[in-house]
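Note sheet for the following structure.
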Amino acid sequence: MVALKRRAAIMISGRGSNMAALVAAARSPAFPVSIDLVLSNRPDAAGLAAARCAGVRAEAIDHREFGQDRTAHESAIDATLRAAHIEIVCLAGYMRLLTPFLVQAWQGHMLNIHPSLLPSFPGLKTHARALRAGVKLHGCTVHIVTQEADAGPILAQAAVPVLPGDSADDLARRVLHQEHSIYPAAVAAFASGATGGLPAADACLANPLD
2 MVALKRRAAI
12 MISGRGSNMA
22 ALVAAARSPA
32 FPVSIDLVLS
42 NRPDAAGLAA
52 ARCAGVRAEA
62 IDHREFGQDR
72 TAHESAIDAT
82 LRAAHIEIVC
92 LAGYMRLLTP
102 FLVQAWQGHM
112 LNIHPSLLPS
122 FPGLKTHARA
132 LRAGVKLHGC
142 TVHIVTQEAD
152 AGPILAQAAV
162 PVLPGDSADD
172 LARRVLHQEH
182 SIYPAAVAAF
192 ASGATGGLPA
202 ADACLANPLD
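For reference, each letter of the sequence shown is one residue, going 2 to 211 in my numbering.
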């Protein structure tokens, strides 16, 4: 009997290279997750077209249409996720800080990939900060999203050496290569429960509009 795949959505703001890695991984029958939706806060995000080309439903919910009302914007996101019966949300270059509303709504079901070896260098411009700090190893982290940014339980990490003469762009390219590897692996482990992730069924999220 073939196990049902968990339904996942990916949230992006730009080109979506990690999204593409997840979509590619999900083509395997053995991958325990299906990518059923890609959402962006930017209608011009290049990743939306890439998702559609890969046969994945992709939509934009433009944050600018909601003005300063971040909760209203996230309510629209939440409604779209629930209408699609999503079980796992993967942030992949989503460049807006989430409010407590969406974090609480998807607590324990939302993952993020961050371009540093957390807890070092949370936030932005991680590669330049790593170079300034003189670290010898840099990398990326997959973690569960919690109220504190870049501080949730760590699911996976990958490290790369910092080489003499590295620029921030050099380091970013080397880290991104690892991101494309560990994010699918971490999502698969999380979905199958190997990291203490989702239960076999979640009635609350499986029927989220009730």
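We treat Cβ as the ideally placed atom computed from N, Cα and C, and that holds for glycine.
Practice prompt. Report the rounded CA-to-CA distance for Leu172 versus Ala159, giving the unit in angstroms.
Written response: 13 Å
Worksheet item: Under 8 Å, do Ile145 and Gly194 count as touching if we go by C-beta distance?
Response: no
Discussion item. Just to confirm the assignment, what range does the alpha helix (DSSP H) spanning Asp37 have?
Written reply: Counting along the chain, Asp37 falls outside any alpha helix (DSSP H), though it belongs to the beta strand (DSSP E) covering Val34 to Ser41.
Fill in: Leu210 versus Leu5 - alpha carbon distance
Its pLDDT being 27, under 50, Leu210 is placed unreliably by the model, and the measurement read from it follows with that caveat. Distance between the alpha carbons of Leu210 and Leu5 is about 21 Å.
Practice prompt. Express the C-alpha separation of Trp107 and Val39 in angstroms, rounding to a whole number.
Written response: 16 Å
Worksheet item: Under a Cβ-count criterion, where at least 16 other Cβ atoms within 10 Å of its own Cβ denotes burial, should Ala9 be classed as buried or exposed?
Response: With a 10 Å radius around the Cβ and a threshold of 16 neighbouring Cβ atoms, Ala9 comes out buried.
Worksheet entry | Assigned secondary structure, Glu88 (DSSP; H/G/I helix, E/B strand, else coil) | coil
Worksheet item: Any idea what DSSP makes of Pro162, helix, strand or coil?
Response: Three-state result, Pro162: strand.
Worksheet item: Looking only at DSSP bridge pairs, what is His144 linked to?
Response: Asn113 and Ile155
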